[in-house]
Every structure is written in structure tokens, then in C-alpha cells.
Amino acid sequence: MYSPAFYAACTAGGIASCGLTHMAVTPLDLVKCNMQIDPAKYKSITSGFGILAKEQGVRGFFRGWVPTLLGYSAQGACKFGFYEFFKKYYSDIAGPEYAQKYKTLIYLAGSASAEVIADVALCPFEAVKVRVQTQPGFARGLSDGLPKFIKSEGALGLYKGIVPLWGRQIPYTMMKFASFETIVELIYKHAVPVPKSECSKPFQLGISFAGGYIAGVFCAIVSHPADNLVSFLNNAKGATVGDAVKKLGLWGLFTRGLPLRIVMIGTLTGAQWGIYDAFKVMVGLPTTGGVTPAPAPTAEEAALKASA
């Protein structure tokens, strides 16, 4: 199962699941970013949409969709492809018995390792996206925004937000994968009366969406302070973490834009797992999670079986 074709399929599924879903919620992301950057002007979700519609028109709701699509496609490829790789890699290191016993730690370690790589791919696109979305007139999109950003901040400026991005995305992704795998396993164990193997593929995909949505709520909460920092740092030249804390306050870092982000990330994560698993089903692979592997036999059990 764990062949180059398997990892290629997981990578392609990650591109489809992350790129398309993030692009679809661009209007929500646009309002969220502006609420984080200018809370005095964008006081609520409803007023935020109203202000953007009045100032930029309906087309303005999709400002920054190109860096969003390309950036999160690249991130999704690395996130899902490397997660499957690292999950297998760490399981092999641990061995069958410990891989089963400490499976949640393996989910956490695999997802964290994958996200470190994925954010290196995402960071330049995220920097341009935030600047385009929060500074009308800065650029129309990626094609003119990227060179303008580099001219203003330098090439290394594209990675100015990498540490806060890791701070947002690594806890987010660890929660996303570990909680999803656990939630789906619990659903099949306690809420579904038949084994997963006897469930139809559409039913399994429904479980993937439900598990993904619940996981997304947890993801939004644990990663939100860093999300506020990423938006603040990428919006203003020379901005620092201290500036963000001073302007937003500690409470603001944890709560500014959180309700909208819970809705956005819950829907987004549910859709991502649904699309990812649908792609896996389409190419003949099983959906993610839901089956607890049998514990590895002990040395004594293996010896008895061999002598029988």
C-alpha cells in the first residue's frame, strides 16, 4: 500500500482538498483579516461584509484568491503527502506494538513534521495574500503583488511571518490530524452499529466530513492567537509581535475574529477531509481513520504461534 503511487495520490488529494476549499472561503477570510487588522472599522462579521461590499463591490470579496489557491494547494500537497509519509515512518521506528499503543503521539509527530515543510511552501503566498486583502490599492493580485512586496520588504520579507505561521499552523495541523483520527475512530466504535468495512463509501465520506468539522472547531481555537499575529505582521512594514500585543491586547489575540474563524475552519476542515477521502476512494484507496489495528503479538505469543 505504501508505494510511490500511494504517496502521489495523497499529495494530489491534498492539493485538491486544501487549494479549492481555501479559495471557496476567500470572502470569509477577507472579512476575518480586516477584522484582525482594523477592529475599529470592522466591528463585526455583518458590518465587515457591508463595508467591503460598499467600498470594493462584490468582486472585492474574492480579492487575493490567486495567492490563496496556489499557496494552499502547495501547502496541502506537503501537508497530506508528508503526513502519510511521516506517520508510516514513525510507526516503523516504533514497531507494531508501540505504534498501536502510542498511535496518538505518532499522529501528532507526523502532522507536526509535515506542517513544518508545508508552511515553507505557503509562507510567501500568505504574505502577499494578506497585503492584497488588507491594503486596497496595494496590488490586484499575485502577479503584481509579489514583485511589489519583494521591492518593499526584500525577498526575505516573504518569510517574515514564518515563525508566527508555524505557531498558527503546527498546533492547528496537529489538532486537525490527531483529533480527526481519534474522532472518526470513536464514531465508528460507538455510533455506527456495523464495522467500517461494511459501510458504504458515501456513508464513510459523510463520517469523514463530520469528523473533520468537529476537528476544525478545535483547530480554530488552538491556532487563533497566532493567526492574529500572522495577519498583523504581514499587514504593516516593520511590525513586531510586541506591536500586535500592544494594539490588540492579549484578550484580543485570543478572541478577535474567533467566531467567524470557527465557522470558517470547521466548514473548511470538514470539506477538506471529505474531498481528500473522496479522492482516495476514487483512486481505490480506503478512507482515513476509523479502524484500530490489532495489537502486535508479544514475543511469547509469536514464539507459541511459530512452534504450533
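In my numbering, the protein residues as written are 1447 to 1754. Glycine is no exception: its CB is placed at the ideal position from the N, C-alpha and C atoms.
- Taking one beta carbon from each stretch, the region 1647–1662 and the region 1703–1713 have 3 or more pairs nearer than 8 Å; the two touch.
- Tyr1448 sits in coil when the DSSP states are folded into three classes, being neither helix nor strand.
- DSSP, read as helix, strand or coil, puts Thr1686 in coil.
- When the alpha-carbon of Lys1525 is set against those of Ile1461, Gly1658, Gly1600, the nearest one is in Ile1461.
- With distances taken between CA atoms, Gly1600 lies nearest to Lys1683 out of Lys1683, Thr1457, Thr1713, Leu1696.
- DSSP places Ala1656 inside the alpha helix (DSSP H), whose first and last residues are 1647–1681.
- DSSP places Leu1602 in no alpha helix (DSSP H); its state is neither H nor E.
- Proximity to Phe1528 across Ser1559, Leu1588, Leu1699 peaks at Ser1559, based on C-alpha coordinates.
- With a beta-carbon spacing of about 4 Å, Phe1725 and Gly1459 fall inside the 8 Å limit used to define contacts.
- The way I'd put it, the region 1669–1679 does touch the region 1607–1619; three or more beta-carbon pairs between them come closer than 8 Å.
- When the alpha-carbon of Tyr1605 is set against those of Thr1619, Gly1591, Phe1623, Val1574, the nearest one is in Val1574.
- A residue is called buried once 16 or more other Cβ atoms fall within 10 Å of its Cβ, and Lys1489, having fewer, is exposed.
- Taking a contact to require three or more Cβ pairs closer than 8 Å, the region 1684–1700 and the region 1713–1730 do not qualify as touching.
- Taking a cut-off of 8 Å for Cβ pairs, the region 1495–1503 and the region 1563–1579 do not touch, as fewer than three such pairs fall below it.
- The region 1628–1639 makes no contact with the region 1576–1584, as fewer than three CB pairs between them are under 8 Å.
- For Lys1635, the number of other beta carbons within 10 angstroms of its own is below 16, and it is reported as exposed.
- Counting of Cβ neighbours within 10 angstroms places Leu1632 among the exposed residues, the total staying below 16.
- In this chain, the alpha helix (DSSP H) harbouring Phe1526 covers 1511–1547.
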